[in-house]
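J.: Could you have a look at this structure, given as structure tokens, before my questions?
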Amino acid sequence: MMNSVRLLVLGLLFVFYSMCNCEKDACSLKLCKCVKSKVKCSNTNLTYIPVLPNGTIRLFFDGNYLPLINEHTFSNITHLRYLEEITFQNCQITHISTNTFKFLEHLNQLWFSYNPLTTDSLLNLFSDLKNSFYHILKLKQIGLSFIPEGLFKNNFTLSALDLSYNALKTLNFTEFNSLGLKGLKVENNLVETIIIDKMINLRELYLGSNNIKSLPNFCQDKSYFPSLVHLDIQVNSICEYLPQYMNCLKNLSKIYLNHNCISLIQSGSFQELSSLKQLSISIQKNSKSTLTLEKYSFNNSNLAKLRLANNDMKIKNINPLAFSGCHGVKYLSFSDNSLSDPGSSSCTHLDQALSKLTSLQYLDLSVTRINEVPKSIQNFTELVFLNLYENGISNWEDRFWDGNGMLSTLDLGKNSIKRVSKEMFPAKFRTQLRTLSLQYNPIECICDNVWLIEWINRDHTKFKKFPRKYACLNMTEQVCIQHSSAYTSITGVCCVIFLLFILVSIVYKYRWFIKYQIYIWQHQPKLLNDMAERQYLYDVFVSYSAADDWVLDDLVPHLERNVDMKLCIHERDFQAGRLIIDNIVESIENSRRVLIVLSNNFARSEWCQFEMTLAQKHVLNRAMEPLSVVLLEDIDSENMSNSLHALLKTTTYITWYNDIEYIHLFWDRLKNSLI
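Just so we're aligned: the sequence shown equals residues -22 to -1, 1 to 653 in mature numbering (1 follows the signal peptide of the UniProt record, and there is no 0).
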């Protein structure tokens, strides 16, 4: 019985193991990233396609190394019944063999962009696609300079083809008319010549960034592209828009003509395009003339979105009736044009042109050199977005915005706004706004603007680039109390008291210098007359610190006994009861020479430094012999003042060394400097 049970268990295990697919796929091996039915193997340095999960629908294999594609390339994924899309971009593919995709029956999107494919590879690729339907085929930047003959002759259907970033010079639509294309991209090529042929299913055509010099004639006897909805022919050299080349495109909804050189939009240029919704004619650069708009240029009631930005148009080149007939326009970009009246700050001509666009919801008038808000804007009751950035606007009428009940975004940045009253932004309008930009305006920090500053701080989430681009944010209403008469009076009295305090402080600080100057002014004539005949009471006035015993112990005895000089020493010779300044000045006046004894004690004493300064001034005023200076010791850096440093730099001083061999030389040098 036990053996029978064991055999049964082993049999069940064998059956289970046999039914299980035990081969690990790329997701479990972490070779690729898998999200639901999408497998990403891009940029993983793979050189083969690994086994993928059964439910894989999309495979991204970009940026790997796969120079050769043949039927063995897909041997690990032939079991995938739902695989619809494979991308092989930038895989260095040079060769594609025949019969490569025969097992991938449900595949409808192939991306081979950025690979150096040979002509044979392209022919092999398209031969494999016969009797099949493909939604998208991308062949961007594969080095294609011409379309090989018969490339698209096989019986297959293709919805969208991308040949961008190649080197095609001629675009012959006959090559594509058997494909049933709905979308064709031939952007960023070198296309100069276009041969039109009928493509009844084509809905989107992208011809941007080529060398096209004239608008293709889509209407030779018939409409070649009757289903065309989207036409992008921007970044070319088209200088003339001919309505008759486009009028047959009755389903055309979007036209992009940016970055050309069109200089004139004639009357009724778009009125025959009954399905037209979006039109972009921005950045027209013509060396001969700027873009001119005739009357009824956009006479099409279905037109909803119009871009005319960066054309450097002059208002004189815009007919006042240019926008007549396109009253359905909801979006207008008119930025980077010159729309102010010549020689005036008004917008009369612009108002006349805009007045017809009563359905506007979005209006961009940034960088248009206008100096006022166009009055016609008051009539745009459906306006939601208004951009007036970088103009010369400084103000507008009170309650100007009352008619714009739906306006929620307003950009007034980088204008000349200095003062803003509450009536310029009424309370209801302030509540209505969701976004307001006043950045880069020279708003003055004055009391008239305090309400604005408080509003900005209170509702700062509304203000674009708050707080970096706004000034005066610290102002409050309390600051403006200074405008009251009481505050003015108190401020005046305080200022007078403060000035008197400063004056008294200055007089007190420099009282000795002031007394000295007064003394000099009073005695200067007498001093000048008597200088030659004057008999001095002292030979030398000594300026020193009383803390330096060396002066009384060594200097005075030596000079008075050995050299027979009479010294003026303040401890001995100053008259008691007199002001010190008077004693100093008279003693210096009565001395033939002045000797300064420098030491750290001297340097630390403000009084000694003052005495030195008086001595220096007196020497200069009397044209006396220069000061004699004895350096008793090295002055420490923390004691070295600017005046002391200047004195030591400009005066030859005598240094004292307590050295027997040097003392005689010191006394001789000092004697010679004082004689």
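No residue lacks a Cβ here, since even glycine has one placed at the ideal position from N, Cα and C.
Buried or exposed: which applies to Gln222, given that a residue is buried once 16 or more other Cβ atoms fall within 10 Å of its Cβ?
T.: Gln222 is exposed by the Cβ-count criterion.
J.: Can you list, in chain order, the residues of its chain whose CB lies under 7 Å from that of Trp645, leaving out five sequence neighbours each side?
T.: The residues are His536.
J.: Which value, in whole angstroms, describes the spacing of the CA atoms of Phe104 and Asn132?
T.: About 7 Å.
J.: I'd like to check one pair, Ser311 with Ala331: are the Cβ atoms closer than 8 Å?
T.: Their beta carbons are not under 8 Å apart, which means Ala331 does not touch Ser311 by this criterion.
J.: At 3 residues or longer, and completely inside the region 52 to 120: list those beta strand (DSSP E) runs for me, N to C.
T.: Counting whole runs of 3 or more residues, the region 52 to 120 contains the beta strand (DSSP E) stretches 63 to 65, 87 to 89 and 111 to 116.
J.: Pick out whichever of Cys217, Asn48 and Thr359 has its Cα sitting closest to the Cα of Lys334.
T.: That would be Thr359, whose Cα lies nearest to the Cα of Lys334.
J.: Let me see if you follow: with CB-CB separation under 8 Å, is Cys197 close to chain D or not?
T.: In the structure shown, chain D does not exist; there is a single protein chain.
J.: In three-state terms, what does DSSP make of Val597?
T.: Helix.
J.: Which term fits Pro194, buried or exposed, when burial requires 16 or more other beta carbons within 10 angstroms of its beta carbon?
T.: By the 10 Å Cβ count, Pro194 comes out buried.
J.: Would Ile190 and Ile211 qualify as a contact pair, given that the criterion is a beta-carbon distance under 8 Å?
T.: In contact: Ile190 and Ile211 (Cβ atoms closer than 8 Å).
J.: Which two residues bound the contiguous alpha helix (DSSP H) that contains Thr628?
T.: Segment Asn620 to Thr628, the alpha helix (DSSP H) holding Thr628.
J.: If you run the structure through DSSP and keep just helix, strand and coil, what is Ser(-5)?
T.: At Ser(-5) the pLDDT is 36, less than 50, meaning the model places this residue with poor confidence; the figure from the coordinates comes in the next sentence. Helix, per DSSP.
J.: According to DSSP, is Ala405 helix, strand or coil?
T.: DSSP places Ala405 in helix when its eight states are reduced to three.
J.: Go through its chain and collect everything with a Cβ distance to Tyr631's Cβ below 6 Å, but skip five positions before and after it.
T.: Within the same chain, Tyr631 has close Cβ partners Val607 and Leu609.
J.: Going residue by residue through the region 350 to 386, where are the continuous beta strand (DSSP E) segments of at least 3 residues, counting only ones entirely within it?
T.: Runs found: 363 to 365.
J.: Could you tell me whether the Cβ atoms of Ala581 and Ile613 are closer together than 8 Å?
T.: Yes, the pair counts as a contact, with Cβ atoms nearer than the cut-off.
J.: Excluding sequence positions up to five away, which residues of its chain have a Cβ less than 6 Å from the Cβ of Leu648?
T.: Excluding residues within five positions, the ones whose Cβ falls inside 6 Å are Ile632.
J.: Can you look up Val345 in the DSSP assignment and give me helix, strand or coil?
T.: Note: Val345 maps to coil in three-state DSSP.
J.: Which residues in the same chain as Phe276 place their Cβ atom closer than 8 Å to its Cβ, once the five residues preceding and following it in sequence are excluded?
T.: Excluding residues within five positions, the ones whose Cβ falls inside 8 Å are Ile243, Ser247, Phe248, Leu257, Leu284, Ala300, Phe301, Gly303, Cys304 and Val307.
J.: Roughly how many whole angstroms lie between the Cα atoms of Lys80 and Ser15?
T.: Looking at the two C-alpha atoms, the distance is approximately 22 Å.
J.: When you compare the CB positions of residue 741 and Val164, do they come within less than 8 Å of one another, or not?
T.: Lying before the first or after the last residue shown, residue 741 is absent from the chain, which here runs from -22 to 653.
J.: Our contact map puts Gly381 next to Gln417 with C-beta atoms below 8 Å; I'd like the distance itself, whole angstroms only.
T.: Going by Cβ atoms, the distance from Gly381 to Gln417 rounds to 26 Å, so no, they are not a contact pair.
J.: Kindly identify the DSSP beta-bridge partner or partners of Tyr340.
T.: Answer is Tyr309 and Phe363, bridged to Tyr340.
J.: Do Thr346 and Asn315 count as a contact pair if the criterion is CB distance below 8 Å?
T.: Result yes, Cβ atoms of Asn315 and Thr346 sit closer than 8 Å.
J.: Express the C-alpha separation of Asn86 and Leu235 in angstroms, rounding to a whole number.
T.: Straight-line Cα distance between these residues: approximately 32 Å.
J.: Can you round the beta-carbon distance between Ser372 and Asn357 to whole angstroms, since I take them to be within the 8 Å contact cut?
T.: About 23 Å separates the two Cβ atoms, so there is no contact after all.
J.: My guess is that Arg571 and Asp517 are in contact by the Cβ rule of under 8 Å, so how many angstroms apart are they, rounded?
T.: Indeed, because the Cβ distance is near 7 Å, the residues count as touching under 8 Å.
J.: Where DSSP assigns a beta bridge to Phe519, which residues make up the other side?
T.: Beta-bridge pairing links Phe519 to Cys546 and Val572.
J.: Specify the secondary structure class of Asn238 as computed by DSSP and reduced to three states.
T.: In this structure, Asn238 counts as coil in the three-state DSSP scheme.
J.: Which of the three DSSP states, helix, strand or coil, is assigned to Val17?
T.: Correct three-state label for Val17: strand.
J.: Per DSSP, what kind of secondary structure is residue 656 in: helix, strand or coil?
T.: Residue 656 is absent from the structure shown; the chain starts at -22 and stops at 653.
J.: Mind checking Ala4: buried by the 16 CB within 10 Å criterion, or exposed?
T.: Buried is the call here.
J.: Using only the alpha-carbon positions, how far apart do Leu622 and Asp532 sit?
T.: Using only the alpha carbons, I get a separation of about 24 Å.
J.: Look up Asn150 in the DSSP assignment and say whether it is helix, strand or coil.
T.: Asn150 falls in the strand class under three-state DSSP.
J.: Our contact map puts Thr413 next to Thr387 with C-beta atoms below 8 Å; I'd like the distance itself, whole angstroms only.
T.: At roughly 4 Å, the Cβ-Cβ gap stays under 8 Å, so Thr413 and Thr387 are in contact.
J.: Applying the 10 Å Cβ sphere with the 16-neighbour rule, what's the burial state of Cys473?
T.: The residue is exposed, with fewer than 16 neighbouring Cβ atoms inside 10 Å.
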